[in-house]
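Using the working numbering, you'd call the opening residue of the sequence shown number 59 and step up by one each time.
Idealized CB from N, CA, C, for every residue including glycine.
Given the structure is predicted, the values throughout are model-derived calculations rather than measurements.
Down below is the structure, laid out as structure tokens.
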Amino acid sequence: MNKPLSLQGLIYLVLAVVFVYFAVNQVNNNGWTILTYLMIAMSTVNFVTGIKFISIGLSKKK
């Protein structure tokens, strides 16, 4: 499990985009439900974590 931090950050960003996609579909189909809010919260956490991992990974390479 010795993956570069930049790659882990990219994986988190991809997961965040997937959660946003599912949340938008959920809103279009059923409106705002608790599941939609949970998906948006998970997406936010993944975006922040991904950006932090990428910034740390890029700063370590220098």
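Start and end residues, alpha helix (DSSP H) containing residue i
| i | result |
| --- | --- |
| GLY67 | 63-88 |
is_contact[residue i, chain B] using C-beta, thresh 8 Å
| i | result |
| --- | --- |
| MET97 | Looking at the structure shown, chain B is missing, and only one protein chain is on hand. |
Proximity to residue i [Cα-Cα], best of the options
| i | options | result |
| --- | --- | --- |
| VAL78 | VAL103, MET97 and LYS110 | MET97 |
| LEU68 | THR107, LYS118 and SER117 | THR107 |
| ALA123 | GLY89, LYS61 and VAL103 | With the chain represented from 59 up to 120, any question about residue 123 goes unanswered, as that position is not in the structure. |
Whole-angstrom distance between residue j and residue i, CA atom to CA atom
| i | j | result |
| --- | --- | --- |
| GLY89 | SER101 | 18 Å |
| MET59 | TYR70 | With a pLDDT of only 47 at MET59, under the threshold of 50, the placement of this residue in the model should not be trusted; the figure read from the coordinates follows. Rounded to whole angstroms, MET59 to TYR70 spans 16 Å at the Cα level. |
| THR91 | GLN84 | 8 Å |
| ASN87 | GLY115 | 39 Å |
| TYR95 | VAL72 | 19 Å |
| PHE105 | PHE80 | 15 Å |
Supposed close pair residue i, residue j - CB separation, criterion 8 Å
| i | j | result |
| --- | --- | --- |
| ILE109 | SER64 | Their Cβ separation, rounded to whole angstroms, is 11 Å, which puts ILE109 and SER64 out of contact at 8 Å. |
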